[in-house]
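Protein chains in written order, with my numbering: chain A, 26 to 447; chain B, 850 to 1150; chain C, 439 to 681; chain D, 2 to 317.
By construction, the Cβ of each residue, glycine as well, lies at the ideal position given by its N, Cα and C atoms.
Model, not experiment: these values are computed from the prediction.
Reading through the structure tokens given below for one structure.
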Amino acid sequence: MTGLIKGCALALAATICIAGGANAQDCPVKLGAILPVSGPMGQVGERISNTGAFAVKLFNEAGGVKGCPVEYVLRDTQGQSAIGVDAAKSLVDLEGVAALIGAVSSGVSLPVLTSVAVPSKVVQVSCCSSSESFTALAEEGKTEGYWFRTYATNRSQSAMGAKLAIDSGFKKTAVIYVNTDFGVGLAKRFEDDIAKLGGTITSSVAYNESQQSYRAEVTKALEGEPDSLFLVAFPVDGATITREWLALGGTDNLIVNNSLRSDDYIQAVGAQYLTNLVGYDSAQPRVASVDTFNELFEAEFDGPPDGPGLHSVFDAVNVVLLAMEQSDEITGDNIREGIRAVTADGGTEVYPGVEGIQRAKELIAAGEAIRYVGATGALQFDANGDVQAPKMTWKLDGETNVETGYMSTEEVAELIKMLDAN
Amino acid sequence: MILQHTADGILSGAIIGLGAIGLSFTMKILRFANFSHSELLTWGAYFGLIFISVATAMGGFGGTFGPLSFGWPLILALVFAAVATSLLALLLHHLIFERLAKVTGHMTMVFASFGVALLLRNAVLLIFGADPIYYSNTLQFAVKLPGNVRVLPDQVFLLGLTIVVVIALHLFLTRSRTGIAMRATAESPDLARVSGVNVNNVVRWVWVIGASGAAVAGVLYGLTVQLRPELGFALILPLFAAAILGGAGSLYGAVLGGLIVGLSENLSVMIIPTTYKPAVPFLLILAILYFRPQGLFGEKS
Amino acid sequence: MTRRLTASGIVAGYRPDLPILHGVSVHVDAGEVMTIIGPNGAGKSTLIKAIAGLVTVSAGTVEIDGEDRTGTPAHLLAGAGVAYVPQTGNVFTTLTIRENLIVGGAALAKAEALARIDEIFTQYPMLAAKRAEKARVLSGGERQILAIARALLTSPRIILLDEPTAGLSPMAAAELFDLVRGLVADGAAVLMVEQNAKAALKMSDRAYVLAEGENRIDGVASDLLENDEIGRIFLGARPEDVA
Amino acid sequence: MIGVLSYLIFFLILALTFGIAVMGLNLQWGFTGLFNAGVAGFLAVGGYTHAILTGPARDAVFGGFELPFIVGLLGAMVAAGVVAIIVGLVTLRLRDEYLAVATFGIAVSIQLVAVNWEYMTGGTLGLIGIPNPSKVLADGPLRQNAIYLALVVGVTLLAYIGLQRIVQSPWGRVLKAIREDEVAASSLGKNPTRVRLEAFTLGCSLMGLSGALYVGFIGFVGATDFLPIITFQIWTMLIVGGSGNMKGAILGAMIVWGVWTGSGFAISKVVAPEWQAQSGALQAVLIGLILVLTLLMRPKGMIGEDVTVSRHATDL
């Protein structure tokens, strides 16, 4: 067994070496991020990560948390659960972070939550995980309140998709959806919702991600001669499917889910082929805070913040940092309470950006309540850590996407209530 | 819809068949399952992209052929990709596989091929990024054939090119001394050696043919769909299924195997959920290994 | 008389740590048929493969026409006038007869090879008649002839035969031995491994007896036919080995 | 230093959990010469079985038997073993590289089943709330993880000692004989196919056990937990540690998992966040390089085989 003991010693030494910098000092304040910057979700993950880093940068320009600069410590999950869990654990234990941003896919966020965040009493805020399993876990009390997400769940998305199809006058809709918890959940709900609104589904076809071609799926979805296609996909695969769909003679009456409101998707397909496309997206409420974020983002990245998870990761970072600012001592428990405090009704509204954050810090210092209103508008976390968001609909005008409709949080809630009642 | 699925199957089968030729030869002559072969498709596609980008930057050669979405640059890109991918394969052979073959057994080379696959795939990611790329952003619309079947003109070209490649390879294998030596080596390397065949040379030719086939398949695949770093990786099982189905070392076997795999995949969605489609090549592998381990065209050992 | 082949102190095996030959020495002169006999597992085939360059020689030397060729790759030996016909799998069954011969001429320039193939076809009309057929259709005896014809294509000076008569009818075996005698008459040297010791000794000039990877006895073939010790060496082996 | 200790415990839990699968693979490859390219599939079978047996009941999903932890572990071994027997009966008489391709396909197919068979696996949502026994026994993540580590160490030792006995038994010698020369082994009256099947099954059971320990620790199992790349990671562990040696298997697991997490840690320290997408690819390149270089420079791994017998020298 000497080899084994040597191995242990080696691993121990290595861990201590690399952990040399870790300690419990107050400055800088560390914020952990676990995101898939490489692997199948790399393209999406990288933009999300950069936006998160941007939020931290702005916060630091406003003076940081409690006078300390914030360090954004990113670890790559590569989309693998074991690597994500390990990364989260090392952020918590070795870097001493009190809050985690991430992950993107629910398959990584869930194990991180159950095996790292909750046991270590660390807050985890995801920008993008949409699985209904989180709500179920929270209802069972197993998240202990450490779980939040700034991303609206599937319920409102399917309702929007169905409403959009009916409002556009489509009668027979085909569905092609990504075979993940996100896509499956959304497609199922959509089928129910559109039936209640009087539409029909000609076929509903799941696809596995990262295939080179989707001819078989597209051909199958073309059966029954649909007059429209509801596409639930991410930009890369979504573009492939759309191109094959159009090339094979599919209708250009497309309804797309929120993650396809992205330049990557539109450029890859070609805007000239997408004149009849309609889409919806969460967020973008009619408040100044959203414009503030959009301007900040454009100035930093030379392009609009179109793409999945960008608004929501920005807000995830901000609510966590404000919650830290609000706390006497930066602990997971305090952040957990703080997030609810800085998003509670009745506080003075504060916006993102250097000035907004500075104002928030002044108010907190003065002992006044604040209400953060950010890139996704006024966040309202329910008991399970979920948010509802207002919705918008959009289409393309030339190469740029323009808003065609808006539903406030209340209107969305009413739509869902109507659908659920039938 | 069965006609449409059949047409789709034949067209995707042609690409799988082209890609599988090299894999089949590697399994037979180099005697190991090369899991990095599919990455040569990826590299071939990206080499083609480099050529087209440079050609376009230099003013291009202008125009497209009739209903096809491309012109001369793509034809030349096919040649360039085949040459460049062959050089890459020879480099891998020289740096890794040849050395390993000297010191260890062929199964160790399978391990190594997995490592090489990981290296090649991530190198593409590093150099070209994860975003999908198109040779041409113009969308080509399908032509309606009798029986309500829709095919893209590019895909018809692809099918034709596959037939040309197979005929050329057939002539090479039956007419040239190198081709005959290659078939001899496939059957018995030792007997070939004592007959005066330089087996090392033959092995290099195997890499060149395999890499060229992979490069052509990769470019054509990139043409009909798009380029991304996982292009080849997603095809591993279909390629192996085609090679094993046809019988290791068999040219026609690989191409026919590719067609069968393409057809089965596309027709399968009529009876099973589309999400189980990736398992179809695997089921074919199991079936053929169970009933006819030497493959359809393979020689019994 | 010219010394064609000298192998001295050969140590060889399929794995470096498990040598099968422990220092075997043999030599063959021009115009000579030399036979190696011995019980199963004596290392006869290994020796012949070591000389042909198929088995790595870890100690000892192989000289061909006075030149040290130890460790030369098999395909270069073929060009240097060494021909080897293995016991099994001695033709390419998936190739046509003509293609088999083309492979046999791999070490020659193309025109020369084609000319030699024509000569062979004149010499063996049976092969010419079936030139476009796959070798797998040939009978055992026909395959043996094709195998030797393929080996002869380079006009070798040293011919290594591993059990050429295995599986052949007595008549076919006799024909084959005639063929072999004809080869040495033209100045080649033949080194042959045979299980059929008696028949082989009858048509050989000299012979070596190997056992357990070592030289045991050697001498003029006709003397060995009467040597009692041979029986003892073969004891424990299958009875037909000494038949 | 509490943090370092806490992370170290966590690291060892995962590394040793993988180590058990590496030992299973070692039995198959290092001792029997069986090329199993479907490790991820057998981990998944074990993980899901454990989750089904020990997890809480859910609507519209099979299972939720809430059985004791140990039953989950044993059940995982049995399930993985049964799958191995079915797979083995079809594939084990094949040539090596066909076995590699077939097992690779099995892993892909098992993952497809995991994603799509909602009634059994929870589909894309996975199975949540799998109880971790250490949570009942102690308070606080450090103590809980320490208890779980003790459990994993115990299981690792059991597996190690058991395997050592097995490979040194007459049966173990038959394994090596088959690996070295199948024809010779069968001429000695051993049925190589049967012995290979036994070794394959036992090795896969260990992979099932490893999957169960992982799921029991994480408390969740989902379809993305057992991607094909896991197979590659487990292999690299075996090659780096040295195949044919159980100590090497465990050591290799620690080294490779250490490099993987260590390089991730180092990248997060050194590389600016906006460049990390490239770094992730570099990390994969690093592991690929380690594997290829180990094969080229040190084919016997960190620890060579117990008894040196040169291997597969006759393969070519």
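Taking residue 993 of chain B as part of the beta strand (DSSP E), name the residues at either end of that continuous run. As a working mapping, residue 993 of chain B is identified with position 144 in the second sequence. Residue 993 of chain B -> beta strand (DSSP E) spans 992 to 994.
Simplified DSSP assignment, three categories, for residue 419 of chain A: As a first step, residue 419 of chain A is located in the first sequence; it is residue number 394 there, counting from the start. Of the three classes helix, strand and coil, the one that applies to residue 419 of chain A here is strand, per DSSP.
What are the uninterrupted segments assigned as beta strand (DSSP E) that are 3 or more residues long and contained completely in the segment 349 to 402 of chain A, given in chain order? 373 to 375 and 395 to 399
Counting along the chain, where does the alpha helix (DSSP H) carrying residue 72 of chain A start and finish? If you number the first sequence from 1, residue 72 of chain A lands on position 47. Where residue 72 of chain A is concerned, the enclosing alpha helix (DSSP H) stretches over 67 to 86.
Considering only DSSP beta bridges, list what residue 197 of chain A is partnered with. As a first step, residue 197 of chain A must be located in the first sequence, where it is residue number 172. BP columns for residue 197 of chain A point to A:225.
Using a Cβ-Cβ distance cut-off of 8 Å, determine whether residue 72 of chain A contacts chain B. In the first sequence, the residue the question calls residue 72 of chain A occupies position 47. Judged by the 8 Å Cβ criterion, residue 72 of chain A is not in contact with chain B.
Could you tell me which chain A residues have their CB closer than 8 Å to the CB of residue 989 of chain B, listed as they occur along the chain? Residue 989 of chain B sits at position 140 when you count from the first residue of the second sequence. Residues of chain A passing the Cβ test: 272.
In the DSSP assignment, the beta strand (DSSP E) including residue 529 of chain C goes from what residue to what residue? Along the third sequence, read from residue 1 onward, the residue named residue 529 of chain C stands at position 91. Looking at the DSSP string, residue 529 of chain C is not in any beta strand (DSSP E), and its letter there is neither H nor E.
Among A:101, A:69 and A:394, the one whose alpha carbon lies nearest that of residue 266 of chain D: Working through the fourth sequence from its first residue, we reach residue 266 of chain D at position 265. The candidate whose alpha carbon is nearest that of residue 266 of chain D is A:101.
Could you have a look at residue 596 of chain C and say whether DSSP puts it in helix, strand or coil? If you number the third sequence from 1, residue 596 of chain C lands on position 158. Here residue 596 of chain C sits in strand by DSSP.
Is the separation between the beta-carbon of residue 559 of chain C and that of residue 553 of chain C shorter than 8 Å? Here the question's residue 559 of chain C lines up with position 121 in the third sequence. Here the question's residue 553 of chain C lines up with position 115 in the third sequence. In this structure, residue 553 of chain C does not lie closer than 8 Å to residue 559 of chain C by Cβ.
Identify, in the order they occur along the chain, each residue of the same chain with its Cβ nearer than 6 Å to the Cβ of residue 428 of chain A, setting aside the five sequence neighbours on each side. Your numbering for residue 428 of chain A matches position 403 in the first sequence. Excluding residues within five positions, the ones whose Cβ falls inside 6 Å are 417 and 419.
Simplified DSSP assignment, three categories, for residue 900 of chain B: On the second sequence, position 51 is the one that residue 900 of chain B refers to. The answer is helix: DSSP assigns residue 900 of chain B an H, G or I state.
Is residue 181 of chain D close to chain B? Criterion is C-beta to C-beta, closer than 8 Å. For the purposes of this step, residue 181 of chain D is identified with residue 180 of the fourth sequence, where counting begins at 1. Not an interface residue.
Taking 6 Å as the limit between beta carbons, can you name the residues of its chain near residue 322 of chain A, skipping five residues before and five after? For the purposes of this step, residue 322 of chain A is taken as the residue at position 297 of the first sequence. For residue 322 of chain A, where only same-chain residues beyond five positions count, the Cβ hits under 6 Å are 330.
Return the chain-ordered list of same chain residues with a C-beta closer than 8 Å to the C-beta of residue 901 of chain B, the five sequence neighbours on each side being excluded. In the second sequence, the residue the question calls residue 901 of chain B occupies position 52. Excluding positions up to five away in sequence, the list reads 922, 923, 926 and 984.
CA-to-CA distance, residue 203 of chain A to residue 233 of chain A, given in whole angstroms: If you number the first sequence from 1, residue 233 of chain A lands on position 208. If you number the first sequence from 1, residue 203 of chain A lands on position 178. Their backbone Cα atoms lie some 6 Å apart in a straight line.
Taking 8 Å as the threshold, find out whether the segment 386 to 399 of chain A comes into contact with the segment 371 to 378 of chain A through three or more Cβ pairs. yes
Would you kindly report the start and end of the unbroken beta strand (DSSP E) that includes residue 425 of chain A? Position 400 of the first sequence, counted from the first residue, corresponds to residue 425 of chain A. Where residue 425 of chain A is concerned, the enclosing beta strand (DSSP E) stretches over 425 to 432.
Is the segment 205 to 221 of chain D close to the segment 655 to 666 of chain C, with three or more CB pairs under 8 Å? no
Going along the chain, which residues of the segment 271 to 300 of chain A sit with their C-beta nearer than 9 Å to a C-beta in chain B? 271, 272, 273, 274, 289, 292, 293, 294, 295, 297 and 298
Nearest-angstrom Cβ-Cβ length linking residue 592 of chain C and residue 516 of chain C, presumed shorter than 8 Å: As a working mapping, residue 592 of chain C is identified with position 154 in the third sequence. As a working mapping, residue 516 of chain C is identified with position 78 in the third sequence. Yes, they are in contact, since the Cβ atoms of residue 592 of chain C and residue 516 of chain C sit about 6 Å apart, within 8 Å.
Using a Cβ-Cβ distance under 8 Å, would residue 1127 of chain B count as near chain A? Here residue 1127 of chain B corresponds to residue number 278 of the second sequence, with the count starting at 1. Yes, residue 1127 of chain B lies at the interface with chain A (some Cβ there is under 8 Å from its Cβ).
Counting only Cβ-Cβ distances shorter than 8 Å, please list the residues of the segment 85 to 107 of chain A near chain D, keeping chain order. 97, 98, 99, 100, 101, 103, 104, 105, 106 and 107
Between residue 168 of chain A and the rest of its own chain, which residues show a CB-CB distance below 8 Å, the 5 nearest in sequence each way excluded? Within the first sequence, numbered from 1, the residue matching residue 168 of chain A stands at position 143. Closer than 8 Å at Cβ, skipping near neighbours: 138, 143, 159, 162, 409 and 410.
Would you say residue 27 of chain D and residue 244 of chain D are within 8 Å of each other, going by their C-beta atoms? Start at 1 with the first residue of the fourth sequence, and residue 27 of chain D comes out as number 26. Start at 1 with the first residue of the fourth sequence, and residue 244 of chain D comes out as number 243. In this structure, residue 244 of chain D lies closer than 8 Å to residue 27 of chain D by Cβ.
Buried or exposed for residue 997 of chain B, going by 16 or more other Cβ atoms inside 10 Å? Taking the first residue of the second sequence as position 1, residue 997 of chain B is located at position 148. Exposed, since its Cβ has fewer than 16 Cβ neighbours within 10 Å.
Near residue 70 of chain A, which residues of its chain fall below 7 Å by C-beta distance, leaving aside the five closest residues on each side in sequence? Position 45 of the first sequence, counted from the first residue, corresponds to residue 70 of chain A. Result list for residue 70 of chain A: 60, 61, 62 and 129, in chain order.
Can you list the residues of chain A that residue 1084 of chain B reaches, using a CB-CB cut of under 9 Å? As a working note, residue 1084 of chain B is residue 235 in the second sequence. Chain A residues near residue 1084 of chain B: 237.
Unbroken beta strand (DSSP E) run spanning residue 656 of chain C, endpoints: Residue 656 of chain C sits at position 218 when you count from the first residue of the third sequence. From DSSP, the beta strand (DSSP E) with residue 656 of chain C extends over 652 to 658.
N- and C-terminal bounds of the beta strand (DSSP E) containing residue 644 of chain C: Taking the third sequence and counting its residues from 1, the one referred to as residue 644 of chain C is at position 206. Note, residue 644 of chain C: beta strand (DSSP E), 644 to 649.
For residue 1127 of chain B, tell me which candidate among B:1136, B:864 and B:1110 has the shortest Cα-Cα distance. Locating residue 1127 of chain B in the second sequence gives position 278, where the first residue counts as 1. Nearest option by C-alpha distance: B:1110.
Buried or exposed, going by whether 16 or more other CB atoms sit within 10 Å of the CB of residue 76 of chain D? Here the question's residue 76 of chain D lines up with position 75 in the fourth sequence. Per the 10 Å Cβ criterion, buried.
Separation of residue 877 of chain B from residue 1135 of chain B, as counted between CA atoms: Residue numbering aside, residue 1135 of chain B sits at position 286 when the second sequence is read from its first letter. Residue numbering aside, residue 877 of chain B sits at position 28 when the second sequence is read from its first letter. Whole-angstrom Cα-Cα distance: 19 Å.
Can you confirm whether residue 265 of chain D, when its beta carbon is compared against all beta carbons of chain A, has any partner nearer than 8 Å? Sequence index remark: in the fourth sequence, residue 265 of chain D carries index 264 (1-based). Yes - at least one Cβ of chain A is within 8 Å of the one on residue 265 of chain D.
Interface residues of chain D around residue 167 of chain A at Cβ under 9 Å? Residue mapping note: residue 167 of chain A aligns to position 142 of the first sequence, counting from 1. Those are 129, 130 and 220, listed as they occur along chain D.
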